[in-house]
Structure formats: C-alpha cells, structure tokens
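*Asks:* First the structure, then my questions, so here it is.
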Amino acid sequence: MIDSRQRLQVQLGYEFKTVALLELALTHRSCGARNNERLEFLGDAALNFIMGEALYQQLTAVDEGDLSRQRATLVKGKTLAEIARELNLGEHLLLGSGEMKSGGHRRDSILADAVEAIIGAIYLDSGMAECKKCVLRWFASRLNKVSASADQKDAKTRLQEFLQGRSRPLPQYSVVAVSGEQHCQHFSVQCEADGLDRPVTGKGSSRKEAEKLAAEKALKILQGNIIDG
C-alpha cells in the first residue's frame, strides 16, 4: 500500500533521495522552530531564476519591464497556491493545532510558502537541473499561456508599448515606394522612432506587412541599444 509521502512524490513527479528534506518542506512554522521557512527562502530564489530564464528564452521580443511583470504574475502567491492545489499539497502539510483548526491547509499564503519550500528542498536534494525540470513541468500550462499572449501582439503594438513605457513619442510610418502591377504590388515603408539613429525600412506585399517588418527592425535595434547601454 502506497503511503502519503510516496503518493505526494508521485504527484510532484520527483522522488527524494533524502526524504527528511520533504518532511521539513511540509512543516509550517506553527509546528515549532524546525520549519520550512529557510527552504522557502531558498525556493523563492530558485523559482525566480527558473521563471526568469524561461521567460527570457521564450519571449525574445519582450523588454526587461514586461519580463519582470510576467514573472511577477507567475510567482505571486495566488499562482503558487493554485499550483499547490493542483499537487494536492494541502493534505500533506504539517501544521500546529491552531493552524489545523483554522483551516491552514487551505490558506493561500501557507500553500504558496510550501510550494517554495518544496522547490528549495528539491534543489538541495538534487541540484538546479532537476529542480528546473520539476518547476517547468508544474508551470508548463501557465508559461504556454504567457507565450501565446505575447505572440498575439504584432510588432507595431509591441513597438508602441515599448516607446510608451519610456515616455517616448509614438513611431511614425511613411510609404516611401510602391512598385509592381496593381494586383501584385510591393511596398517599402519607413519607420521613425525616438532612439533610432536613422529610419528603418520594411518591405512587403502590403502596406500592413511592410509596416510590421519595419516595426520589428526598429524594436530589435532599440532593445539592442538598451542591452548595449
């Protein structure tokens, strides 16, 4: 018969080499001096790094401010509490009698802290690579939603938000050339934006496509300037 700790490890998708770390991660401070707060501190740092790296790799056209906001959404207490419930973590928590009576195993803050403590415990048990695998698996659907949301924004929107976020004027687009027959035209559009040394040009089979390509070039240059600077 599978015991509760084995069942939890199946739910986590990770088997501890040192089960005492799992026990400690589940122990709330209401149980006494030996509790999960130090593991929570470590797990918080690991989680922020893992989410930051994942977002950096997935959202290649997003600036530092938006990356920070997306990460904050992913690692906030409400999200962590949701993860805890998906893993059925509440039923395994070790709480003092007062917290147990008041329903602490259902409280968002306690659940969120426990998730961070579990992450810290896995890190100590097996290192960052194994810790990352677990975290990315638990957060996979949420990371996919973030990527899909970012991808839905076209380059012109992202460029506009980039400039507005820095209190700069909106970009200006102008058609500088149109070639080809009426049914098969090609457009060249210039984009001027504060921070560019010179206008950039995009070419496409429609004005909209040319503007989009020009915006992509402008955004790439402006974000590169921030990194270089």
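For the sequence shown, position 131 matches number 247 in this note's numbering, and the numbering has no gaps at all. Positions of the beta carbon are idealized from the N, C-alpha and C atoms, including for glycine.
Among residues of its own chain, excluding the 5 on either side of Gly159, which ones have a beta-carbon nearer than 6 Å to its beta-carbon?
*Replies:* Once the five neighbours on either side are set aside, the close Cβ partners of Gly159 are Glu232, Ala233, Ile235 and Gly236.
*Asks:* Starting from the C-beta of Ala59, find all residues in its chain whose C-beta is less than 7 Å away, skip the five residues before and the five after it, and write them out in chain order.
*Replies:* Since the displayed the chain opens at 117 and closes at 345, residue 59 lies outside it and no answer follows.
*Asks:* So, helix, strand or coil for Tyr289, using DSSP?
*Replies:* Strand at Tyr289.
*Asks:* Hey, out of Arg274, Gly296 and Ile166, whose CA is closest to Glu328's CA?
*Replies:* A small correction: the amino acid at residue 328 is Lys; Glu does not occupy that position in the sequence shown. The shortest C-alpha separation from Lys328 is found at Arg274.
*Asks:* Reducing DSSP to helix, strand and coil, say where Thr143 ends up.
*Replies:* Reduced to three states, the DSSP call for Thr143 is strand.
*Asks:* Taking 7 Å as the threshold (C-beta atoms), are Asp241 and Glu156 in contact?
*Replies:* In this structure, Asp241 does not lie closer than 7 Å to Glu156 by Cβ.
*Asks:* Is Gln186 closer than 7 Å to Leu171 when the C-beta atoms are compared?
*Replies:* Against a cut-off of 7 Å, the Cβ pair of Gln186 and Leu171 comes out as a contact.
*Asks:* Given a cut-off of 7 Å on the beta-carbon distance, is the pair Gln127 and Leu203 in contact?
*Replies:* For Gln127 and Leu203, yes; Cβs fall inside 7 Å.
*Asks:* Thinking C-alpha only, which one of Cys147, Leu137 and Gln306 is nearest Glu325?
*Replies:* When each option's Cα is compared against that of Glu325, the closest is Gln306.
*Asks:* Bridge partners for Glu308 per DSSP, in chain order?
*Replies:* DSSP, once it has assigned bridges, lists Gln288 as partnering Glu308.
*Asks:* Starting from Thr273, trace the alpha helix (DSSP H) both ways and give me its first and last residue.
*Replies:* Looking at the DSSP string, the run of the alpha helix (DSSP H) that includes Thr273 is Ala271 to Gln280.
*Asks:* Just tell me which of Leu338, Gly320, Arg154 and Gly243 has its CA closest to the CA of Asp310.
*Replies:* Answer by Cα proximity: Leu338.
*Asks:* Cβ atoms of Ala271 and Ala188: under 7 Å apart, would you say?
*Replies:* No. Outside cutoff.
*Asks:* For the stretch 247-257 against the stretch 174-182, do three or more pairs of beta-carbon atoms, one drawn from each stretch, fall closer than 8 Å, so that the two count as touching?
*Replies:* The stretch 247-257 is not in contact with the stretch 174-182.
*Asks:* Give a yes or no on whether the C-beta atoms belonging to Ile238 and Tyr130 are separated by under 7 Å.
*Replies:* Taking 7 Å as the Cβ cut-off, Ile238 and Tyr130 qualify as a contacting pair.
*Asks:* Taking the straight line between their C-alpha atoms, what separation do you get for Lys261 and Val251?
*Replies:* When rounded, the distance between both Cα atoms is 16 Å.
*Asks:* Could you pull out every unbroken alpha helix (DSSP H) segment of at least 4 residues lying fully inside the stretch 148-229, listed in chain order?
*Replies:* Segments of the alpha helix (DSSP H) lying fully in the stretch 148-229: 153-174, 180-191, 193-202 and 213-217.
*Asks:* Where does Ser242 fall in DSSP's three states?
*Replies:* In this structure, Ser242 counts as helix in the three-state DSSP scheme.
*Asks:* Can you grab the Cα-Cα spacing for the pair Ala162 / Leu190, in whole Å?
*Replies:* So the two alpha carbons sit approximately 13 Å from each other.
*Asks:* Any idea what DSSP makes of Lys319, helix, strand or coil?
*Replies:* Of the three classes helix, strand and coil, the one that applies to Lys319 here is strand, per DSSP.
*Asks:* Going straight from the alpha carbon of Lys248 to that of Gly168, what length do you get?
*Replies:* Going by the C-alpha atoms only, they are around 12 Å apart.
*Asks:* Round the Cβ separation of Val135 and Arg121 to the nearest angstrom and send it over; I've been treating them as touching at under 8 Å.
*Replies:* Indeed, because the Cβ distance is near 6 Å, the residues count as touching under 8 Å.
*Asks:* Below 8 Å CB to CB, which residues in the same chain sit around Gly193 once its five sequence neighbours on both sides are set aside?
*Replies:* Asp224, Ser225 and Ala228.
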